[in-house]
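Peer 1: One structure is given below, represented as structure tokens, and several questions about it will come after.
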Amino acid sequence: MHIEEFALGDSWIHRLDPRVKIAAAIGFSVVVALNQSVAASAIALLFPAVLILAARVSLRKVILRLAVVNSFILFLWLFLPFTHTGEIIWSLGPLEIHREGLIFCLLITLKSNAIMLAVIALLGTSRVFTLVHALSHMAIPDKLVHLFFFCFRYIHVIHEEYHRLAVAMKVRGFRPRTDLHTYRAYAYMVGMLLVRSFDRSRRILAAMRCRGFRGRFYILHHYEMKRCDYVVGAASFLISAVLLVAK
Amino acid sequence: MIRLRNIRFRYNSGYVLDRVNFSLDRGDRIALVGPNGSGKTTLCHIMMGLLFPESGEVEIFGKLRKKEADFQEIRGRIGFLFQDADDQLFCPTVLEDVAFGPLNLGKSPEEARRVVSSTLKSLKLEGFEERITYQLSGGEKRLVSLATVLAMEPEVLILDEPTSGLDEATTERLAEILNESNLTYILISHDIDFVKKTTDGIVRMADLVSA
Chain P
94 MHIEEFALGD SWIHRLDPRV KIAAAIGFSV VVALNQSVAA SAIALLFPAV LILAARVSLR
154 KVILRLAVVN SFILFLWLFL PFTHTGEIIW SLGPLEIHRE GLIFCLLITL KSNAIMLAVI
214 ALLGTSRVFT LVHALSHMAI PDKLVHLFFF CFRYIHVIHE EYHRLAVAMK VRGFRPRTDL
274 HTYRAYAYMV GMLLVRSFDR SRRILAAMRC RGFRGRFYIL HHYEMKRCDY VVGAASFLIS
334 AVLLVAK
Chain F
8 MIRLRNIRFR YNSGYVLDRV NFSLDRGDRI ALVGPNGSGK TTLCHIMMGL LFPESGEVEI
68 FGKLRKKEAD FQEIRGRIGF LFQDADDQLF CPTVLEDVAF GPLNLGKSPE EARRVVSSTL
128 KSLKLEGFEE RITYQLSGGE KRLVSLATVL AMEPEVLILD EPTSGLDEAT TERLAEILNE
188 SNLTYILISH DIDFVKKTTD GIVRMADLVS A
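Structural data, given as structure tokens:
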């Protein structure tokens with residue numbers, strides 16, 4: 094699994110206070126999502142693009158990620174221009190392309206890419222556990238933070254368990270086909286994963302209790318805002334504010 | 008230090024422990040042996056208050072322990088090393104995982120950091136603080152798990168199959184650590200060589216049942 098492929102760099106973006114990054118990413122995303130103008134959306138795209146360059150992450154990987162998002166948007170381009178109402182700018186038999194449909198597609202494409210880029214540049218450049226720590230410093234309910242934390246910590250373990258089961262099935266000659274036997278085997282496997290995960294969660298809790306856990310987590314890392322953090326925080330606030338007004 | 012009297016415990020399938028007696032004194036280094044399913048792990052979980060017996064008495068550090076609250080006080084004094092290190096290590100970094108116990112015991116973050124670095128040093132795991140727990144090798148995971156338990160400075164250690172899945176070198180290191188520790192401990196193990204090296208006596212599950 095490559096959940097953290099952008100988090101391993103060492104640019105000034107990587108070193109920013111994660112609280113600033115989370116706040117900036119949320120603020121920017123909301124403003125961009127509310128935006129209705131194509132021009133403003135195009136300009137909005139510049140901000141995360143600059144951040145991506147500053148973070149010096151692999152552009153190839155960024156493009157691969159964007160390709161996934163854009164493959165969904167492609168379907169909008171296939172349907173919206175033909176089905177949207179408004180001025181017809183081109184027609185071929187029963188097919189008519191509407192201007193508003195095209196603009197709408199363009200708007201969605203620009204906005205999605207701007208938000209996606211911002212998320213990669215700001216959140217993707219922190220390790221998941223750093224984000225978890227930051228969230229717990231940001232007055233997010235403990236339960237939600239813990240849920241996020243344990244999900245990520247044990248996703249690897251469950252993934253390994255899945256792998257072991259899959260290999261064990263394979264060496265006994267299992268080959269997935271489109272038949273009842275295959276469906277049943279997969280259902281058993283998912284069931285087994287659930288049961289094992291449940292058992293594991295109980296063992297983890299027992300192990301935690303043995304080490305004196307009574308329902309409270311203590312945090313070792315405390316973040317300190319540096320000048321750089323204030324500057325970036327203020328800059329992203331300004332950019333978001335300008336975009337909000339400019340629409 | 009630990010006295011169990013007439014313990015009965017059953018899972019749905021029937022009695023695993025039926026009138027079992029057990030005692031451990033300061034300085035004892037014993038191995039608890041018995042076939043699979045003979046209740047070794049269950050017995051140790053009862054000592055930690057993770058399971059509660061149907062009948063019988065659990066006396067630890069001179070006091071009868073009956074409910075969860077009675078056991079909370081002893082958890083810092085008895086360290087329990089679980090069979091599967093993935094159950095034990097749940098924090099992102101080694102530093103946080105080893106600090107988890109000391110922080111729960113009410114130590115300040117600075118004290119906890121000090122305990123972590125001295126514990127890691129004593130296990131020759133210097134520089135492991137920022138390592139990611141789930142990326143450690145099997146042997147490293149086991150030693151770090153041991154560090155998380157030792158960081159609480161327990162008086163007694165319970166080790167549930169600590170050598171399972173370990174290579175010879177790590178097993179050897181674990182034996183050295185135990186022999187140098189001066190701790191009182193109970194070891195569950197099927198590894199006879201390891202048992203001979205690290206304990207002074209063997210207790211068989213079958214011998215614990217009162218007549």
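Heads up: the sequence lines are chains P and F, in that order.
Just so you know, the working numbering puts the end of the first sequence at 340, numbered straight through with nothing missing.
Just so you know, the working numbering puts the end of the second sequence at 218, numbered straight through with nothing missing.
Using N, Cα and C, we set each Cβ at its ideal position, and we do this for glycine too.
Work out the CA separation of P/Ala259 and P/His274 for me, nearest whole Å.
Peer 2: For the purposes of this step, residue 274 of chain P is taken as residue 181 along the first sequence, with counting starting at 1. For the purposes of this step, residue 259 of chain P is taken as residue 166 along the first sequence, with counting starting at 1. Each residue's alpha carbon lies about 15 Å from the other.
Peer 1: For P/Phe267, which of helix, strand or coil comes out of DSSP?
Peer 2: Translated into the one-based positions of the first sequence, residue 267 of chain P becomes position 174. Correct three-state label for P/Phe267: coil.
Peer 1: Just verifying my parser: in three-state terms, what is the DSSP assignment at P/Phe165?
Peer 2: For the purposes of this step, residue 165 of chain P is identified with residue 72 of the first sequence, where counting begins at 1. Helix at P/Phe165.
Peer 1: Grab the span of the alpha helix (DSSP H) containing P/Ser122 for me, first residue to last.
Peer 2: Residue mapping note: residue 122 of chain P aligns to position 29 of the first sequence, counting from 1. Residues 111-127.
Peer 1: Have a look at F/Thr176 and F/Leu164 and give me their C-alpha separation to the nearest angstrom.
Peer 2: On the second sequence, position 169 is the one that residue 176 of chain F refers to. On the second sequence, position 157 is the one that residue 164 of chain F refers to. In the sequence as displayed, the identity of residue 176 of chain F is Ala instead of Thr. Between F/Ala176 and F/Leu164, the C-alpha separation is close to 22 Å.
Peer 1: Would you report the Cα separation of F/Gly108 and F/Phe201, rounded to the nearest angstrom?
Peer 2: Indexing the second sequence from 1 puts residue 108 of chain F at position 101. Indexing the second sequence from 1 puts residue 201 of chain F at position 194. Separation of F/Gly108 and F/Phe201 (C-alpha to C-alpha, rounded to the nearest whole angstrom) is 27 Å.
Peer 1: In chain P, which residues lie with their C-beta within 8 Å of the C-beta of F/Tyr141?
Peer 2: As a working mapping, residue 141 of chain F is identified with position 134 in the second sequence. Neighbours of F/Tyr141 on chain P, chain order: Arg246, His249, Val250.
Peer 1: Decide yes or no for the touch test of the region 138-152 of chain F against the region 168-185 of chain F: beta carbon pairs closer than 8 Å, at least 3 of them.
Peer 2: Contact holds: three or more Cβ-Cβ distances are below 8 Å.
Peer 1: Going by DSSP, what residue range makes up the alpha helix (DSSP H) through P/Ser294?
Peer 2: As a working mapping, residue 294 of chain P is identified with position 201 in the first sequence. Where P/Ser294 is concerned, the enclosing alpha helix (DSSP H) stretches over 273-303.
Peer 1: Cβ of F/Glu195 within 8 Å of Cβ of F/Glu168?
Peer 2: The sequence position of residue 195 of chain F within the second sequence is 188, counting from 1. The sequence position of residue 168 of chain F within the second sequence is 161, counting from 1. Glu is not the amino acid found at residue 195 of chain F; the sequence shown has Ile there. Their beta carbons are under 8 Å apart, which means F/Ile195 touches F/Glu168 by this criterion.
Peer 1: Confirm, please, whether the CB-CB distance from F/Leu181 to F/Thr170 is below 8 Å.
Peer 2: Position 163 of the second sequence, counting from 1, holds the residue named residue 170 of chain F. Position 174 of the second sequence, counting from 1, holds the residue named residue 181 of chain F. Closer than 8 Å, so yes.
Peer 1: Once the 5 residues before and after F/Ile81 are set aside, which same chain residues still bring their CB inside 6 Å of it?
Peer 2: Translated into the one-based positions of the second sequence, residue 81 of chain F becomes position 74. The answer, listed in chain order, is Ile67.
Peer 1: Could you tell me which of P/Phe243, P/Ala100, P/Ala280, P/Met285 sits nearest to P/Met301, measuring between CA atoms?
Peer 2: Sequence index remark: in the first sequence, residue 301 of chain P carries index 208 (1-based). When each option's Cα is compared against that of P/Met301, the closest is P/Phe243.
Peer 1: Beta carbons nearer than 9 Å to chain F: which residues of the region 299-330 of chain P have them?
Peer 2: Taking 9 Å as the Cβ-Cβ cut-off against chain F, the residues of the region 299-330 of chain P that qualify are Ala299, Ala300, Met301, Arg302, Cys303, Arg304, Gly305, Phe306, Arg307, Arg309, Phe310, Tyr311, Ile312, Leu313, His314, His315.
Peer 1: Using the rule of at least 16 other Cβ atoms within 10 Å of the residue's Cβ for burial, across every protein chain shown, is P/Ala129 buried or exposed?
Peer 2: What you label residue 129 of chain P is simply residue 36 of the first sequence in a count that begins at 1. According to the sequence displayed, residue 129 of chain P carries Gln and not Ala. With fewer than 16 other Cβ atoms within 10 Å, it is exposed.
Peer 1: Closer than 7 Å between beta carbons: that is the criterion. Which residues of the region 45-78 of chain F meet it against chain P?
Peer 2: Cβ contacts with chain P: Met55, Leu57.
Peer 1: At a Cβ cut of 9 Å, what residues of the region 215-236 of chain P count as close to chain F, listed as they run along the chain?
Peer 2: Cβ contacts with chain F come from Arg220, Val221, Phe222, Thr223, Val225, His226.
Peer 1: Rounded to whole angstroms, what's the CA-CA distance from F/Val105 to F/Gly44? Just pull it up for me.
Peer 2: For the purposes of this step, residue 105 of chain F is taken as residue 98 along the second sequence, with counting starting at 1. For the purposes of this step, residue 44 of chain F is taken as residue 37 along the second sequence, with counting starting at 1. Looking at the two C-alpha atoms, the distance is approximately 31 Å.
Peer 1: Name, please, each residue of chain P whose Cβ falls closer than 9 Å to the Cβ of F/Asn189.
Peer 2: Here residue 189 of chain F is taken as the residue at index 182 of the second sequence, counted from 1. Ordered by position in chain P, no residue passes the 9 Å Cβ test against F/Asn189, which lies about 21 Å from the chain.
Peer 1: For the beta strand (DSSP E) that F/Tyr192 lies in, which residues bound it at each end?
Peer 2: Numbered from 1 along the second sequence, position 185 holds the residue referred to as residue 192 of chain F. Start and end: 191-195.
Peer 1: Does DSSP classify P/Phe222 as helix, strand or coil?
Peer 2: The residue given as residue 222 of chain P occupies position 129 in the first sequence. Correct three-state label for P/Phe222: helix.
Peer 1: Give a yes or no on whether the minimum CB-CB distance between P/Arg158 and chain F is below 8 Å.
Peer 2: Here residue 158 of chain P corresponds to residue number 65 of the first sequence, with the count starting at 1. Judged by the 8 Å Cβ criterion, P/Arg158 is not in contact with chain F.
Peer 1: Of the residues F/Ala158, F/Pro99, F/Leu132, which one's Cα is nearest the Cα of F/Ala119?
Peer 2: As a working mapping, residue 119 of chain F is identified with position 112 in the second sequence. That would be F/Ala158, whose Cα lies nearest to the Cα of F/Ala119.
Peer 1: Let me check you understand the geometry: is the CB of F/Ser30 closer than 7 Å to at least one non-hydrogen atom of the ligand SAM?
Peer 2: What this structure holds is no ligand at all, so the ligand SAM is not there to describe.
Peer 1: Evaluate P/Pro269 with the Cβ neighbour count: other Cβ atoms within 10 Å of its Cβ, from every protein chain shown; 16 or more gives buried, anything less gives exposed.
Peer 2: Here the question's residue 269 of chain P lines up with position 176 in the first sequence. When all chains shown are included, P/Pro269 counts as exposed.
Peer 1: Going straight from the alpha carbon of P/Ser122 to that of F/Val65, what length do you get?
Peer 2: Here residue 122 of chain P is taken as the residue at index 29 of the first sequence, counted from 1. Here residue 65 of chain F is taken as the residue at index 58 of the second sequence, counted from 1. If you take the alpha carbons of P/Ser122 and F/Val65, they lie about 58 Å apart.
Peer 1: In chain order, what residues of the same chain have a beta carbon less than 7 Å from the beta carbon of P/Ala118, not counting five sequence neighbours either side?
Peer 2: In the first sequence, residue 118 of chain P corresponds to position 25, counting from 1. Cβ within range, chain order: Ala211, Val212, Leu215, Leu216.
Peer 1: Closer than 8 Å is the cut-off here; do at least three beta carbon pairs connect the region 28-37 of chain F with the region 203-212 of chain F?
Peer 2: Enough Cβ pairs lie closer than 8 Å, so yes.
Peer 1: Rounded to whole angstroms, what's the CA-CA distance from F/Leu190 to F/Arg84? Just pull it up for me.
Peer 2: Position 183 of the second sequence, counted from the start, is the residue given in the question as residue 190 of chain F. Position 77 of the second sequence, counted from the start, is the residue given in the question as residue 84 of chain F. Distance between the alpha carbons of F/Leu190 and F/Arg84: 11 Å.
Peer 1: Under a three-way DSSP split, which group does F/Lys70 fall into?
Peer 2: Taking the first residue of the second sequence as 1, we reach residue 70 of chain F at position 63. Here F/Lys70 sits in strand by DSSP.
Peer 1: Quick one: is P/Asp272 buried, meaning 16 or more other Cβ sit within 10 Å of its Cβ, or exposed?
Peer 2: The count along the first sequence starts at 1 and reaches residue 272 of chain P at position 179. It is exposed - the Cβ of P/Asp272 has fewer than 16 other Cβ atoms within 10 Å.
Peer 1: To the nearest angstrom, how far is the alpha carbon of F/Leu127 from that of F/Ile9?
Peer 2: Mapped onto the second sequence, residue 127 of chain F falls at position 120. Mapped onto the second sequence, residue 9 of chain F falls at position 2. Here the alpha carbons of F/Ile9 and F/Leu127 stand approximately 28 Å from one another.
Peer 1: Within this structure, are the beta carbons of P/Asn206 and P/Leu144 separated by less than 8 Å?
Peer 2: In the first sequence, the residue the question calls residue 206 of chain P occupies position 113. In the first sequence, the residue the question calls residue 144 of chain P occupies position 51. Taking 8 Å as the Cβ cut-off, P/Asn206 and P/Leu144 do not qualify as a contacting pair.
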